[in-house]
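Quick notes on the structure that follows.
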Amino acid sequence: MAQDVLAAAVGRWLLALGAVLAPLGVGAQEPARAGVAGVVAGILSYTRWPAEPSPIKLCTLGRGGAVDELNRSLDLGSAQRQVVVQALRGSTPRRGDCDALFVGATDAAGTRVVLRELAGQPVLVLGQGSEFCSDGGMFCLEDAGGSKVRFQANLDAIARSGLRVHPQVLRIARSTPGGAP
Amino acid sequence: MSTRLPLLAALRTAHLRLGLVAVVAAALVLTAVSFITLRGQVEHNLTLVARSIAYTAEAATVFGDAAAAQDVLSQMAGREDLRAARLVDARGRPLAEFAARSDGLPDALLNEAAALLFAQEASARVVHEGRVYGEVTVQGHGVGALFYLFKVLAAIALCTAANAWLVARLSRRIERDIVGPLNRLAALTRTARIERALQLRAPAATVKEIHDLGEDFNALLAEIESREAQLVAKHETLRTANESLSYLAFHDNLTGLPNRAGFLERASREVRVPRPRGESAALLFLDCDRFKAVNDALGHAAGDELLVQVARRIRSQLRDGDFVARLGGDEFAVLLAPVRADADAQRIAEKIAEAIRVPIESAAYGRIDASASVGVAMLPDGGASLDQWLAAADAAMYRAKARSRGSVEFFEARVDDLPRPLAA
Numbered sequence: 001m002a003q004d005v006l007a008a009a010v011g012r013w014l015l016a017l018g019a020v021l022a023p024l025g026v027g028a029q030e031p032a033r034a035g036v037a038g039v040v041a042g043i044l045s046y047t048r049w050p051a052e053p054s055p056i057k058l059c060t061l062g063r064g065g066a067v068d069e070l071n072r073s074l075d076l077g078s079a080q081r082q083v084v085v086q087a088l089r090g091s092t093p094r095r096g097d098c099d100a101l102f103v104g105a106t107d108a109a110g111t112r113v114v115l116r117e118l119a120g121q122p123v124l125v126l127g128q129g130s131e132f133c134s135d136g137g138m139f140c141l142e143d144a145g146g147s148k149v150r151f152q153a154n155l156d157a158i159a160r161s162g163l164r165v166h167p168q169v170l171r172i173a174r175s176t177p178g179g180a181p
Numbered sequence: 001m002s003t004r005l006p007l008l009a010a011l012r013t014a015h016l017r018l019g020l021v022a023v024v025a026a027a028l029v030l031t032a033v034s035f036i037t038l039r040g041q042v043e044h045n046l047t048l049v050a051r052s053i054a055y056t057a058e059a060a061t062v063f064g065d066a067a068a069a070q071d072v073l074s075q076m077a078g079r080e081d082l083r084a085a086r087l088v089d090a091r092g093r094p095l096a097e098f099a100a101r102s103d104g105l106p107d108a109l110l111n112e113a114a115a116l117l118f119a120q121e122a123s124a125r126v127v128h129e130g131r132v133y134g135e136v137t138v139q140g141h142g143v144g145a146l147f148y149l150f151k152v153l154a155a156i157a158l159c160t161a162a163n164a165w166l167v168a169r170l171s172r173r174i175e176r177d178i179v180g181p182l183n184r185l186a187a188l189t190r191t192a193r194i195e196r197a198l199q200l201r202a203p204a205a206t207v208k209e210i211h212d213l214g215e216d217f218n219a220l221l222a223e224i225e226s227r228e229a230q231l232v233a234k235h236e237t238l239r240t241a242n243e244s245l246s247y248l249a250f251h252d253n254l255t256g257l258p259n260r261a262g263f264l265e266r267a268s269r270e271v272r273v274p275r276p277r278g279e280s281a282a283l284l285f286l287d288c289d290r291f292k293a294v295n296d297a298l299g300h301a302a303g304d305e306l307l308v309q310v311a312r313r314i315r316s317q318l319r320d321g322d323f324v325a326r327l328g329g330d331e332f333a334v335l336l337a338p339v340r341a342d343a344d345a346q347r348i349a350e351k352i353a354e355a356i357r358v359p360i361e362s363a364a365y366g367r368i369d370a371s372a373s374v375g376v377a378m379l380p381d382g383g384a385s386l387d388q389w390l391a392a393a394d395a396a397m398y399r400a401k402a403r404s405r406g407s408v409e410f411f412e413a414r415v416d417d418l419p420r421p422l423a424a
């Protein structure tokens, strides 16, 4: 249809104009983060602590591909908010050592101990599997096939911790069980 | 100028042009300003919509959640009445897309028209913590703006119509207040001029200048009327004076008879007037006998009375149409016309002489004997000059006086034989 041809022409023209006016185009970006590291980085970026830490100390506990991926990650933060990753050797993190904790593959009992320990504290607790959330974890990540990762949120735990998480993230988390591709 | 424009038409045209120029100028400015503002608004609005979608779909983009992104996009694009919307991630892969149900043909045409006038597309990047995660591109309808523009144009058309209506009203008012009175004034002037109806007056008018003009015109008419009345009066006086002067010039004061000038005027007419066959005219010259003696013996007053009585007696013997004049001193002349035969003239002349011979009984001077010698000359056939006729009568009169005082003598010789000039 002539109209579509015209609209397309106008669109191309506008895009060209936009490219000229704004050298920082979409195509010039660093590759988007994906996988577990990407989701963790996203949740971190939408979380606010009562006393803003700088840098944000992300601890990892346990083993597994996700933990390894996180430990290797160098760009979980941004220029404004840096994130450092620290792998914990002991079973329980000491108070103040971690602003966020990612729990990998551990035994269920150990996980519950850690979760009970951190309950009510301003530490963002992330894990894998929906049982992690029912045990008191705040966000639980699940493999959705391919490289896609989806997550659920435990609103009670988040509320008790005193952390503030952006509602958009909570909405995505809620929508996740039903609607992920 | 070959054709003259009526005042009303000139005024109407001027008003119409003025109004049209004003409306069109205002309309152009208004349209331009509206269009520029609208264009800016449409563009701004589209950009805002794009930004707001980018913000709302930020988390979904950051987490690469296509379902959530599609949710946001559909919801917002539908609410903002967009034609199409598209959200791509940082690598340019589509994350969510929206397209309104396809337009009908009129809508499509309108969109095409709107696309020529207004920005149809805007985009906004999805940025989170300094990183670009994607880009939103939206396409607006622009039809609403187009309708607004149509409304402005409709308002302008309405203004133009209102202007025309106002001009028509104004024309009617001008017709009533200016052109009507002027036309009436012009008609009045024509009537006054052609029919000389100077008593006409212009009616009062609403507009001051026209009223003043009418008043001035009325004053002028009044002046002309009074001048005309004066002129008529003067003319009447002159005519009367002229008549009396003319009477004096052609009449003898004493006897009341026409004088020599009056006689000559009448006689020359008698000479010229055409006559039926068998008709003629006779000229009688009378000279009072012994007039000088009466004057010397009894005084001028007696002489005057003698002349008056003689005049009266001559007149008493004349028919209608005959004419008597006092030529001066004791000389009288009588014109008899018409006369059929010499004998008729002879008879009248004898009767006149006889009437004069009766002695005059004057209260002041007693008995005065009077007589007059009479010479008669017929107007010659074939015409003759007045001089000749007069000379003939004069000659006859002298013969009568020489023969016997108080007698009547006929001029017998041919007129052509007369020496000339003899008299007058």
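Chains as they are written, first to last, in this note's numbering: chain A, 1 to 181; chain B, 1 to 424.
All C-beta atoms, glycine included, are put in the ideal place defined by N, C-alpha and C.
Treat the numbers as computed from the prediction; the structure is a model and nothing was measured.
Name the DSSP beta bridge partners of residue i, please?
i                     : result
residue 123 (chain B) : B:137
residue 361 (chain B) : B:367
residue 98 (chain B)  : B:85
residue 258 (chain B) : B:251
residue 410 (chain B) : B:376
residue 29 (chain B)  : Paired residues: none, contrary to the question.
residue 47 (chain A)  : A:165
residue 201 (chain B) : Paired residues: none, contrary to the question.
residue 132 (chain B) : B:127
residue 280 (chain B) : B:339
Among the options, which one has its Cα closest to the Cα of residue i?
i                     : options                    : result
residue 228 (chain B) : B:243, B:199, B:244, B:247 : B:199
residue 392 (chain B) : B:284, B:299, B:246, B:239 : B:284
residue 130 (chain B) : B:343, B:71, B:58          : B:58
residue 124 (chain B) : B:138, B:37, B:113, B:112  : B:138
residue 83 (chain B)  : B:295, B:107, B:319, B:9   : B:107
residue 186 (chain B) : B:155, B:159, B:218        : B:218
residue 209 (chain A) : A:129, A:146, A:145        : Shown here, chain A extends from 1 to 181; a query on residue 209 (chain A) therefore has no answer.
residue 116 (chain A) : A:138, A:104, A:97         : A:138
residue 322 (chain B) : B:23, B:347, B:184, B:338  : B:338
residue 109 (chain B) : B:143, B:87, B:333         : B:143
residue 174 (chain B) : B:197, B:206, B:149, B:246 : B:206
residue 359 (chain B) : B:288, B:300, B:346        : B:288
Determine whether the beta carbon atoms of residue i and residue j lie at a separation below 8 Å.
i                     : j                     : result
residue 256 (chain B) : residue 325 (chain B) : no
residue 135 (chain A) : residue 111 (chain A) : yes
residue 268 (chain B) : residue 386 (chain B) : yes
residue 122 (chain A) : residue 55 (chain A)  : no
residue 8 (chain B)   : residue 179 (chain B) : yes
residue 368 (chain B) : residue 286 (chain B) : no
residue 70 (chain B)  : residue 96 (chain B)  : yes
residue 56 (chain B)  : residue 76 (chain B)  : yes
residue 231 (chain A) : residue 119 (chain A) : In the structure displayed, chain A extends from 1 to 181; residue 231 (chain A) sits before or after that span and is not available.
residue 37 (chain A)  : residue 61 (chain A)  : no
residue 125 (chain A) : residue 46 (chain A)  : no
residue 54 (chain B)  : residue 152 (chain B) : no
residue 102 (chain A) : residue 149 (chain A) : no
residue 132 (chain A) : residue 39 (chain A)  : no
residue 44 (chain B)  : residue 81 (chain B)  : no
residue 114 (chain B) : residue 145 (chain B) : yes
residue 42 (chain B)  : residue 119 (chain B) : yes
Quick one: which chain B residues come within Cβ less than 7 Å of residue i?
i                    : result
residue 81 (chain A) : 129
residue 42 (chain A) : 62, 63
Output, in chain order, the set of chain A residues within a Cβ distance shorter than 8 Å of residue i.
i                    : result
residue 58 (chain B) : 168
By the criterion of Cβ-Cβ separation under 7 Å, what are the contact partners of residue i in chain A?
i                     : result
residue 65 (chain B)  : 172
residue 136 (chain B) : Near residue 136 (chain B) there are no residues of chain A at all, since even the closest Cβ is about 11 Å away, more than 7 Å.
Determine the chain B residues that contact residue i at a beta-carbon separation under 9 Å, and present them in chain order.
i                    : result
residue 36 (chain A) : By Cβ distance, chain B contributes nothing, its closest Cβ being about 12 Å from residue 36 (chain A), past 9 Å.
residue 73 (chain A) : Within 9 Å Cβ-Cβ: nothing; residue 73 (chain A) doesn't reach chain B, min ~15 Å.
Going along chain B, which residues have a C-beta under 8 Å from residue i?
i                    : result
residue 62 (chain A) : What residue 62 (chain A) touches in chain B: nothing, since even the nearest Cβ is about 23 Å away.
residue 39 (chain A) : 63
residue 45 (chain A) : 62, 128, 129
residue 78 (chain A) : 129, 130, 131
| request: Can you check the stretch 93-167 of chain A for any beta strand (DSSP E) of at least 3 residues that lies completely inside it and give the ranges in chain order? | output: 100-103, 124-128, 139-143, 149-153
Only counting runs of 3 or more residues, tell me where the beta strand (DSSP E) segments fall wholly within the stretch 282-359 of chain B, in order along the chain. 323-328, 331-339
Please give the ranges of any beta strand (DSSP E) in the stretch 52-91 of chain A, keeping only runs that are unbroken, at least 3 residues long and fully inside the region. For the stretch 52-91 of chain A, whole beta strand (DSSP E) runs of length 3 or above, ordered along the chain, are 56-61, 83-87.
**Asked** Along the chain, which unbroken stretches of the alpha helix (DSSP H) at least 4 residues long are found entirely within the stretch 167-234 of chain B?
**Response** 180-194
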